[in-house]
Amino acid sequence: MSRGHTTAGHEYPEIPAETLLTVEDLRTTFDTPRGKLTAVDGVSFELEAGRTLGVVGESGSGKTVLSRSVMRLLPKRGATSTGRVRFNGHEMVGLTQKQLRGIWGTELAMVFQDPMTSLNPTMRIGNQITESLRYHLGMSSSEATEHAVVLLSSVGIPTPERRLHDYPHQLSGGLRQRVTIAIALACGPRLLFADEPTTALDVTVQAQILDLLAAQQRERSMAMILVTHDLGVVAGRTDDIAVMYGGKIVEQAPTKTLFAEMRMPYTEALLGSIPRADQPSHTPLQAIPGRPPDLVSPPPGCRFAPRCPYAQPRCRHEEPPLREAPTKGHRFACWFPVGTPEGRQALEENRVRGVALDPARSVTT
Amino acid sequence: MAEALVAIEDPAVLPDTVGVRQPRRFTVLFWIAVVWLVLIIALAVFASVLPLDSPTQVFACIPNSAPSWHHLLGCDELGRDMLSRIVFGARVSLEVGFTAVFIGLVFGGTAGLVAGYFGGKTDLIISSAMNVLLAFPALVLALAVIAFLGQSLRNVILILGLLSIAPLARLVRASTVVYAQREFVTAARMMGFRSRRILFREVLPNVMPSTLSFAIVAVAVAIVAEGALSFLGLSVRPPAPTWGNMIAEGSTYLSENAWLALCPAAVLCLTVLALNFAGDGLRSFFDVKDSAL
Amino acid sequence: MALLARRLVQLVGVLLVVTFFSYLLLNLLPGNVAVAVLGPNATAAGIAHVTAELHLNQPLPQRYIEWLWQVLQGNFGESYHTHEAVSTSLAQRLPVTIELLVISQILAFAFAIPLGILAALRPGGWLDNISSITAFGFLALPPYVLGVILVLIFAVSLHWFPATGYTPFLTDPGANIHDMILPSITLAVGSLAVYLRVLRAEMIATLQEDYITMAVAKGMPTWRILTRHALRPSTIALVTVAGLNVGALIGGAFLVEYIFALPGVGVLAIESIFSKDYLVVQGIVVVVAVAYVVVNFCVDLLYLFLDPRARGVQTLG
């Protein structure tokens, strides 16, 4: 299993930065009874080999559709997806289903949200792992079985030989997610999509699975896109973070920069909605008031404006472009950014006028 | 290939479409079916006052003659008017179909309501009794009962009524169980209303729509079953016409005059199809489960 | 194993109830049972003989047990008309009916499974529309109508197949199959329509499952996803429906035998009803009802094979 470079040590990869994935102006729409729904609206980003990008947003922000669009794993009917997706030398947009099958599983793989539903209940775990080994890598049955045992033990499943003969319902949720990870890793992909991989799991298991993903990624020098609604999940585990809102990237930065110098009020609001260990217990968590925008007829101007404590009249009719911040690799879309004089002034004005949606409206945990 | 293979299951992808309800409407096919059923029922009801020859009068016209102005559907091998025989045959089919299902509704419906509402031992006893009824293949049980009880219209109706009790009871029981746990029933219980009142005033009206649409399809099933018994010569005795015995008689003249078998067969199938369409249409119209509450 | 034992106990219970009700049929006869069984030419001596043989002067439970004991030994009594043992007639006729049932079900599944899969692959596509409409139409075609139409087309007009008649398989296998084609198709069409609709609906639902998207993301080819991933979970409902369909199928087989003059159990039943040969009718009811219960029992067991979740969580740990 040595596709690409396997770094033995746990030093940070010394591979020359090679761009693995380039997404340009990706736009995905769905036909709905009410009209065209734009779930991903002109998204661009790059990802280097072996690095991790966290994609964060509320449900309905388009983050799941974004990962499906990059993989080209969209329904053929009712969905349109345009733009450029360059992955590992392939121009993905416009590939036929047959060509995509040569990439899916072998170079690109995905771990799904709910391990209760993403494993086939009527197939033994062994077969679910070995079938891609046999189909893609042409292994014999015994080779594939041997390899499946290695995979299962590498994702931390005890007594893997016995587990091969089990059905999914015989395993706990955490073990099942380990199995789906083993399946995704089977053919040594260069890029792994993990779509909310821990949302359906017990809190105690969540960290283990995230650590496992990180470890596997380092070992295989595989790139990963970690999709989540929880900034806490990505905090220590990604190189970069992209925050999505209403189908667009509204802020993107290296992880440390994002937490230190966030510019977008939405990012701030997301951060305010997660519990933190450094705060005294019973500190109120701040909920984001309002609902995500309607993607069939999005509001004019900035899409977050209706819920934004900083919003000014300009925000409601003029859409802010995604612009570069002084720090390298930091982009954001906001007219009155957090932590700038303009932002402070906007917040103050709203407070004086008393019209702002009260960001302190909160729920106590 | 395979557009159905890849689904977007994130419900958030389509945020506001779930709440939009499609307007309830009947299809064109539903109305065609209703028109056909009204026609057949009207013909059957008014058969004796319509200007028709007697269905049993032989040599009313030339045997095996083709349709003509006086005999719109032609005449059979004994010179009996086909239209008249089909109309009088409709009487038997409809009488058997509707009466049998009515019996099924009264007994099966009550049993299902009681079993579903009270649950526990009552449910166990009623459900076991229904399972015994379902443990026999329907037509075989019908044949056996006709064999031992004797051949008559009354017995055909009784046995088909008996056979429709269990399926209707099961259906009513299933939807009663759902409604018996709803808030408005609990509320009625809290207010101290008697069970009988709750059953008839609160549960029954809600169970009714799905039951009626199923009952219409059950009528089609009973008509097909009566046709089978007549076809085997075990329903109403000839020369009284039924669609089933007309098909059976006609099938012996297939090489001479296929019309004799095909004509009643077509009327039977169209009626069954119309009942199926009507039942399906009502079911989607009344789909109480998903739309309300 | 405990599960299997519990199911077996249930099976015995149901069989007792079913045989009891089959036995009770004789009591539906109007008037004196012995007189009815013997017919209008009954003599006093004959009546006394039948009364003794059928234990008619004993209380019902005792009679039932005596009768059941005989049935368990394969003795269903003998016809008072032909003086042939009921079990002998049944043994002659059963293979014909079973052959008809088996061939028709093979045909029904052989067409329903590929059609259901293909229809579900593109819901609303031309294949789906044509097969759905045809299936809905076939559901309104009872065997006695379809049989007549098929005879008219393929026997009377085209002379491809005989309209009636039967050649035993051991006499001439080719002729036997040739004779069975039209009857089997007649019987298969109704089942085909039911199976097709169920499998299509189940496949469409299954193809929405996460594990199918997962298989797609693994780069598995479409045919493999359909046959290895989607078919088995979808057949669970199909098996249920096939089990429920057996009752209708047996009734259909009786009609088909009558139409095509096949010497099966159905024709024997109808002949016996007309000749008031009550013991034969009773024997047939018992055998058919028991077979029906046993088949449904086997269908229940088939679940355990198809759905690993139904086997219970024994290997956990």
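Protein chains in written order, with my numbering: chain A, 360 to 724; chain B, 4 to 296; chain C, 41 to 357.
Just so you know, even glycine gets a beta-carbon here, dropped at the ideal spot from N, CA and C.
These numbers were taken from a predicted model, which means no experiment stands behind them.
Below 8 Å on C-beta distance, what does residue i contact in chain B?
i: residue 68/C; result: 148, 151, 152
Listing by chain order, which chain C residues have their CB less than 7 Å from the CB of residue i?
i: residue 479/A; result: 251, 269
i: residue 89/B; result: The contacting residues do not exist; residue 89/B stays about 14 Å from chain C at best.
i: residue 261/B; result: 192
i: residue 155/B; result: Within chain C, no residue comes near residue 155/B; the closest Cβ sits about 12 Å away, beyond 7 Å.
Span of the alpha helix (DSSP H) holding residue i?
i: residue 128/B; result: 123-137
i: residue 469/A; result: Counting along the chain, residue 469/A falls outside any alpha helix (DSSP H), though it belongs to the beta strand (DSSP E) covering 467-470.
i: residue 213/B; result: 207-234
i: residue 103/B; result: 85-106
i: residue 249/B; result: 246-254
i: residue 589/A; result: Note, residue 589/A: premise wrong, no alpha helix (DSSP H); not H, not E.
i: residue 381/A; result: First-last for residue 381/A: 378-391, but that is the beta strand (DSSP E), not the alpha helix (DSSP H).
i: residue 632/A; result: Looking at the DSSP string, residue 632/A is not in any alpha helix (DSSP H), and its letter there is neither H nor E.
What does residue i reach in chain C if we use C-beta pairs closer than 9 Å?
i: residue 471/A; result: 250, 251, 253, 254, 257
i: residue 542/A; result: 254, 258
i: residue 250/B; result: 184, 185, 188
i: residue 430/A; result: 257
Answer yes or no: do residue i and residue j have a C-beta to C-beta separation smaller than 7 Å?
i: residue 404/A; j: residue 437/A; result: no
i: residue 674/A; j: residue 684/A; result: no
i: residue 329/C; j: residue 62/C; result: yes
i: residue 240/C; j: residue 160/C; result: yes
i: residue 666/A; j: residue 679/A; result: no
i: residue 261/C; j: residue 481/A; result: no
i: residue 253/B; j: residue 263/B; result: yes
i: residue 255/C; j: residue 244/C; result: no
i: residue 445/A; j: residue 381/A; result: yes
i: residue 238/C; j: residue 181/C; result: no
i: residue 310/C; j: residue 321/C; result: no
Taking Cβ-Cβ distances shorter than 8 Å, what residues in chain C pair up with residue i?
i: residue 491/A; result: 258, 259, 260
i: residue 279/B; result: 176, 179, 180
i: residue 234/B; result: 184, 295, 298
i: residue 468/A; result: 257, 258
Kindly list, in the order they appear in chain B, the residues whose Cβ is closer than 9 Å to that of residue i.
i: residue 432/C; result: Missing from the structure shown is residue 432/C; chain C here goes from 41 to 357 and no further.
i: residue 332/C; result: 138, 139, 140, 143
i: residue 229/C; result: In chain order: nothing, as chain B lies at least about 13 Å away.
i: residue 318/C; result: 150, 151
By the criterion of Cβ-Cβ separation under 9 Å, what are the contact partners of residue i in chain A?
i: residue 272/C; result: 479, 481, 482
If you follow the beta strand (DSSP E) that residue i is part of, which residue opens it and which one closes it?
i: residue 604/A; result: 599-604
i: residue 613/A; result: 607-613
i: residue 230/C; result: Not the beta strand (DSSP E): residue 230/C falls in the alpha helix (DSSP H), residues 213-247.
Chain B partners of residue i, CB-CB under 7 Å?
i: residue 181/C; result: 272
i: residue 337/C; result: Ordered by position in chain B, no residue passes the 7 Å Cβ test against residue 337/C, which lies about 11 Å from the chain.
Could you tell me which chain A residues have their CB closer than 7 Å to the CB of residue i, listed as they occur along the chain?
i: residue 347/C; result: 481
Quick one: which chain F residues come within Cβ less than 7 Å of residue i?
i: residue 227/B; result: Included in the structure are the protein chains A, B and C, with no chain F among them.
For this session: Would you check if there are 3 or more beta carbon pairs closer than 8 Å linking the stretch 180-189 of chain B to the stretch 333-346 of chain C?
Result: no
For this session: Write down every uninterrupted run of the alpha helix (DSSP H) in the stretch 418-449 of chain A whose length is 4 residues or greater and which is fully enclosed by it, in chain order.
Result: 422-430
Problem set entry | Three or more C-beta pairs below 8 Å linking the stretch 450-466 of chain A and the stretch 396-405 of chain A | no
For this session: Starting from the N-terminal side, write out each stretch of the alpha helix (DSSP H) that is 4 residues or longer and does not extend beyond the stretch 117-166 of chain C.
Result: 126-161
Problem set entry | Contact the stretch 213-233 of chain C vs the stretch 265-279 of chain C: 3+ CB pairs below 8 Å | no
For this session: Could you tell me which uninterrupted alpha helix (DSSP H) segments, each at least 4 residues in length, are contained entirely in the stretch 496-579 of chain A, listed from first to last along the chain?
Result: 500-513, 519-522, 532-544, 562-579
For this session: Determine, using beta-carbon pairs with one atom in the stretch 298-313 of chain C and one in the stretch 176-196 of chain C, whether at least three such pairs fall under 8 Å.
Result: yes
Exercise. Per the contact definition of three or more C-beta pairs closer than 8 Å, is the stretch 524-536 of chain A in contact with the stretch 553-560 of chain A?
Worked result: yes
Exercise. Is there contact here, the stretch 602-612 of chain A with the stretch 411-431 of chain A, by at least three beta-carbon pairs under 8 Å?
Worked result: yes
For this session: Could you say if the stretch 59-68 of chain B and the stretch 53-67 of chain C meet the contact criterion of at least three C-beta pairs nearer than 8 Å?
Result: no
For this session: Report yes or no: do the stretch 152-169 of chain B and the stretch 105-122 of chain B share at least 3 C-beta pairs separated by less than 8 Å?
Result: yes
For this session: May I have a chain-ordered list of the alpha helix (DSSP H) segments no shorter than 4 residues that lie completely inside the stretch 79-106 of chain C?
Result: 84-93
Exercise. Are there three or more Cβ pairs, one per stretch, closer than 8 Å when the stretch 507-516 of chain A is compared with the stretch 472-491 of chain A?
Worked result: yes
Exercise. If we count Cβ pairs, one from each stretch, closer than 8 Å, do we get three or more for the stretch 41-58 of chain B versus the stretch 88-96 of chain B?
Worked result: yes
For this session: Answer yes if the stretch 619-626 of chain A comes into contact with the stretch 695-702 of chain A, meaning at least three C-beta pairs across the two stretches below 8 Å, and no otherwise.
Result: yes
Exercise. Does the pairing of the stretch 305-324 of chain C with the stretch 119-134 of chain C give three or more beta-carbon distances under 8 Å?
Worked result: yes
Problem set entry | Sufficient close CB pairs (3 or more, under 8 Å) joining the stretch 282-295 of chain C to the stretch 82-91 of chain C | no
Problem set entry | contact_flag[the stretch 220-234 of chain B, the stretch 261-279 of chain B] where n(CB pairs < 8 Å) is 3 or more | yes
Exercise. Counting pairs of beta carbons, one from the stretch 492-499 of chain A and one from the stretch 577-597 of chain A, are three or more of them closer than 8 Å?
Worked result: no
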